[in-house]
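Chains as they are written, first to last, in my numbering: chain A, 114 to 233; chain B, 197 to 738.
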């Protein structure tokens, strides 16, 4: 069973992601802020991380870099409300970029794709 | 019997007084006037009669000679005294005119009237009686003399009419000044019209006028010619006749020149005449100097007013632009702010639908949806509150009293039990014109903010005072302080570091303070707390 870590500070959204991804058959861990994400990741050792990054917040970008340093081959998906981060080179270290939506189809397919790619 | 007529005034056919007395008329009955007697002393008939009446003895003759000599001396004295009396009378007239000119100059408000009073003094018959006078003033930026005003006429023909009018009207000098000043919109005479076209560079080689101004010295010429003036119009007006040029100078400035001549009476321009014109010019110069300064000031004031109006327009434009930019920023911020609840609602709705179709319990999904919708409502309410331009209900309030009342209420509420609230209010009335409810809202926001910064308790100090035309109140806390990044974003709508709160408390407070014409100051140091000061223009009238 693949392990997914979700980093999201909106409590209701975090619960939704957890439930939806558990329904997809993943083992899910959650972190309510970027600050504790690294610690949870260290303990949980996820196969993939879904990371929320807020505008103007350096911590999210630093966590992205730390997560990558922890395990370079582990995919990280940036999941954010802001479309323009897509063009920010500091987020290029991520493996995918998903703009937050009530329809989670894109997020779920990106997770599926990256995990399948990893297995190959 | 034929009486001898007066030898000194034969044309009057007056009877000789001596002849009358010698023929036996009593002296009292003959009653000559004092003037007449003064004249008689110098008359040969009088002397002959004296000789005859004194007899022919040699002792008599000696006395007669002595009396004769005394009479001659007396007669000379008499003539001298008469001349002196005439001089004195003229001087007194001059003094009266100078006084009247000085008094009239005190009351004039503009340069034109000032010059009119000046030239009335120069030309009025009762005063110095010059037939024509023309004033030139220095245009400093152009370094030139410019013709301003002329009294008199270009052609001699025009004089008879003017003079007969003046004679008929029998005006005193002060009446004449009053009448001239009352004529507001009289058209310029031909001399003024011509003189206004004259422009002479302020360099000595351009003749007597610039020379008089530059050397601050008067000139008199017996016949004005091309060697004296280079300007053709000046030659046309004054050429070929005696004339005088007097500089108009104040203590500090050379202001212009006065040109006079007597084409009608052909009276000689004496050294005395020049001297009195210099006095008159000096009198006028002080006022002209003053009025020129006043004119310059008025021009500057007009310029400043114009600039002020421009600045106001620009400021209005900037305010409008700033509001548009702010509105744009706010729209972006709102869009982001509502995005998270919308995503959450969308996600839970889809999940609820799926679960509902499977027959699962969807209570939790619906609870979250309702919670997020409430959040959206809160955001909408906050935006409306922030954007609303409410009219201020301004009244004169005492800030200390308003703060005390607000704190009394807050201290009664259990929420504030975890902190100590200290008051540090000045013991004087701090008067300010403000909307009391709005200011209370600001104070409440600041205290609430301070509370949020001290989740583990601490002390909030509320102080108030007055300085530099402002009254102020300050809220200090002993919380953790703020990072520079947080301070930079304090007044950005929806920027919040708190788990609760709209993110609009401080932006709204800042706006309320600005609406009152005041400003909000923030200072903070990490680890030792923050301080918010509201400064409002003092309502006290000094």
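Every residue gets a Cβ at the ideal spot worked out from N, C-alpha and C, and that includes glycine.
**Study point:** Exposure label - residue 536/B; buried when at least 16 CB within 10 Å
**Key:** Stepping through the second chain from its first residue, residue 536/B is reached at position 340. When all chains shown are included, residue 536/B counts as buried.
Review point. How close, in whole Å, do the beta carbons of residue 653/B and residue 705/B come, if the pair is a contact with beta carbons under 8 Å?
Key: Locating residue 653/B in the second chain gives position 457, counting from the first residue. Locating residue 705/B in the second chain gives position 509, counting from the first residue. Between residue 705/B and residue 653/B the Cβ distance is about 24 Å, and since that is not below 8 Å, they are no contact.
Review point. Grouping DSSP H, G and I as helix and E and B as strand, with all else coil, what is residue 497/B?
Key: To locate residue 497/B, count along the second chain from 1; it is residue 301. Three-state DSSP puts residue 497/B in a helix.
Review point. Of all the residues that make up the segment 526-548 of chain B, which are near chain A by a beta-carbon distance shorter than 8 Å?
Key: 532, 535, 536, 538, 539, 540, 541, 542, 543, 544, 545, 546, 547
Check your understanding: Ordered along the chain, which non-local residues of its own chain (more than five positions away) have a Cβ less than 8 Å from that of residue 582/B?
Key -> Here residue 582/B is taken as the residue at index 386 of the second chain, counted from 1. Cβ within range, chain order: 526, 689, 700, 703, 704, 707.
Exercise for review: Use the C-beta contact count for residue 383/B: other C-beta atoms within 10 angstroms, 16 or more gives buried, fewer gives exposed.
Suggested key: Numbered from its first residue, the second chain carries residue 383/B at position 187. Exposed, since its Cβ has fewer than 16 Cβ neighbours within 10 Å.
**Study point:** Rounded separation between residue 606/B and residue 206/A - CA only
**Key:** Working through the second chain from its first residue, we reach residue 606/B at position 410. Working through the first chain from its first residue, we reach residue 206/A at position 93. Taking the straight line joining both Cα atoms gives about 51 Å.
Review point. Within 10 angstroms of its Cβ, does residue 502/B collect 16 or more other Cβ (buried), or is it exposed?
Key: Counting from 1 along the second chain, the entry for residue 502/B is found at position 306. It counts as exposed.
Exercise for review: Can you tell me the Cβ-Cβ gap for residue 312/B and residue 345/B, rounded? I've got them flagged as a contact below 8 Å.
Suggested key: Within the second chain, numbered from 1, the residue matching residue 312/B stands at position 116. Within the second chain, numbered from 1, the residue matching residue 345/B stands at position 149. Going by Cβ atoms, the distance from residue 312/B to residue 345/B rounds to 7 Å, so yes, they are a contact pair.
Point to revise | Short CB-CB distance (under 7 Å) between residue 688/B and chain A | key: Working through the second chain from its first residue, we reach residue 688/B at position 492. No, no contact with chain A.
**Study point:** Assigned secondary structure, residue 578/B (DSSP; H/G/I helix, E/B strand, else coil)
**Key:** Taking the first residue of the second chain as position 1, residue 578/B is located at position 382. Helix at residue 578/B.
Review point. So what's residue 786/B in DSSP terms, helix, strand or just coil?
Key: As shown, chain B starts at 197 and ends at 738. That puts residue 786/B outside it, with no answer to give.
Practice item. Evaluate the contact criterion for the segment 287-294 of chain B versus the segment 267-278 of chain B: three or more CB pairs, one atom per stretch, below 8 Å. Key: no
Point to revise | Given 8 Å, three or more beta-carbon pairs between the segment 493-512 of chain B and the segment 457-468 of chain B | key: no
Check your understanding: Out of curiosity, what's the CA-to-CA distance linking residue 150/A and residue 120/A?
Key -> Residue mapping note: residue 150/A aligns to position 37 of the first chain, counting from 1. Residue mapping note: residue 120/A aligns to position 7 of the first chain, counting from 1. Straight-line Cα distance between these residues: approximately 6 Å.
Exercise for review: Can you tell me which of 336/B, 432/B, 469/B, 413/B puts its alpha carbon nearest to the alpha carbon of residue 419/B?
Suggested key: Position 223 of the second chain, counted from the first residue, corresponds to residue 419/B. Nearest C-alpha to residue 419/B: 432/B.
Exercise for review: With a threshold of 16 other CB atoms inside 10 Å of the CB of residue 547/B, please say whether the residue is buried or exposed.
Suggested key: For the purposes of this step, residue 547/B is identified with residue 351 of the second chain, where counting begins at 1. Under this definition residue 547/B is a buried residue.
Exercise for review: Could you tell me whether the segment 557-574 of chain B touches the segment 596-605 of chain B, using the rule of 3 or more Cβ pairs below 8 Å?
Suggested key: no
Review point. In the segment 566-589 of chain B, which residues sit with their C-beta less than 8 Å from some C-beta in chain A, listed in chain order?
Key: 567, 568
Check your understanding: DSSP on residue 239/B, reduced to helix/strand/coil?
Key -> Stepping through the second chain from its first residue, residue 239/B is reached at position 43. In this structure, residue 239/B counts as coil in the three-state DSSP scheme.
Practice item. Would you identify the three-state DSSP class for residue 402/B, choosing helix, strand or coil? Key: Translated into the one-based positions of the second chain, residue 402/B becomes position 206. Note: residue 402/B maps to helix in three-state DSSP.
Practice item. Could you work out which residues of chain A lie near residue 564/B, taking near to mean beta carbons separated by less than 7 Å? Key: Indexing the second chain from 1 puts residue 564/B at position 368. The contacting residues are 125.
Point to revise | Counterpart residues of residue 232/A in DSSP-defined beta bridges | key: Looking up residue 232/A in the first chain gives position 119. The partner list for residue 232/A (beta bridge, DSSP) is empty, contrary to what the question assumes.
Review point. Quick one: does residue 220/A have its CB under 7 Å from some CB of chain B?
Key: Position 107 of the first chain, counted from the first residue, corresponds to residue 220/A. Residue 220/A does not count as touching chain B.
Review point. In the DSSP assignment, what residue or residues form a beta bridge with residue 119/A?
Key: In the first chain, counting from the first residue as 1, residue 119/A sits at position 6. Residue 119/A is bridged to 143/A, 163/A.
Practice item. Anything in chain B within Cβ reach of residue 215/A, meaning under 9 Å, just list it in chain order. Key: Within the first chain, numbered from 1, the residue matching residue 215/A stands at position 102. What residue 215/A touches in chain B: 538, 539, 540, 541, 542, 543, 544, 545, 546.
Practice item. Report the partner residues of residue 659/B according to the DSSP bridge assignment. Key: The residue you call residue 659/B lines up with position 463 of the second chain. Paired residue(s): 620/B, 670/B.
Practice item. Answer yes or no: do residue 735/B and residue 629/B have a C-beta to C-beta separation smaller than 7 Å? Key: For the purposes of this step, residue 735/B is taken as the residue at position 539 of the second chain. For the purposes of this step, residue 629/B is taken as the residue at position 433 of the second chain. For residue 735/B and residue 629/B, yes; Cβs fall inside 7 Å.
Review point. Whose C-beta lies closer than 6 Å to the C-beta of residue 303/B among residues of the same chain, with five residues either side of it excluded?
Key: For the purposes of this step, residue 303/B is taken as the residue at position 107 of the second chain. So the list is empty, once near-sequence residues are dropped.
Check your understanding: DSSP three-state call for residue 738/B: helix, strand or coil?
Key -> By 1-based counting over the second chain, the position of residue 738/B is 542. Only weak support is given to the placement of residue 738/B: the predicted model assigns it a pLDDT of 44, under 50, and the question is left unresolved by the model.
Exercise for review: State the start and end residues of the unbroken alpha helix (DSSP H) segment that holds residue 601/B.
Suggested key: Taking the second chain and counting its residues from 1, the one referred to as residue 601/B is at position 405. Per DSSP, residue 601/B belongs to the alpha helix (DSSP H) from 595-607.
Exercise for review: Sort out for me which residues DSSP pairs residue 130/A with in a bridge.
Suggested key: Position 17 of the first chain, counted from the start, is the residue given in the question as residue 130/A. BP columns for residue 130/A are empty, so no partner.
Review point. At a CB-CB cut-off below 8 Å, which residues of chain B make contact with residue 227/A?
Key: As a first step, residue 227/A is located in the first chain; it is residue number 114 there, counting from the start. Under the 8 Å cutoff, chain B gives no residues; its nearest Cβ is about 21 Å from residue 227/A.
Check your understanding: Is it the case that the Cβ atoms of residue 339/B and residue 405/B are separated by a distance below 7 Å?
Key -> On the second chain, position 143 is the one that residue 339/B refers to. On the second chain, position 209 is the one that residue 405/B refers to. No.
Point to revise | Length of the line joining the Cα atoms of residue 219/B and residue 210/B | key: As a working mapping, residue 219/B is identified with position 23 in the second chain. As a working mapping, residue 210/B is identified with position 14 in the second chain. C-alpha separation (whole angstroms): 16 Å.
Review point. Considering only residues of the segment 171-218 of chain A, which uninterrupted beta strand (DSSP E) runs meet the minimum length of 3 residues and lie entirely inside it, listed in chain order?
Key: 189-193, 209-212
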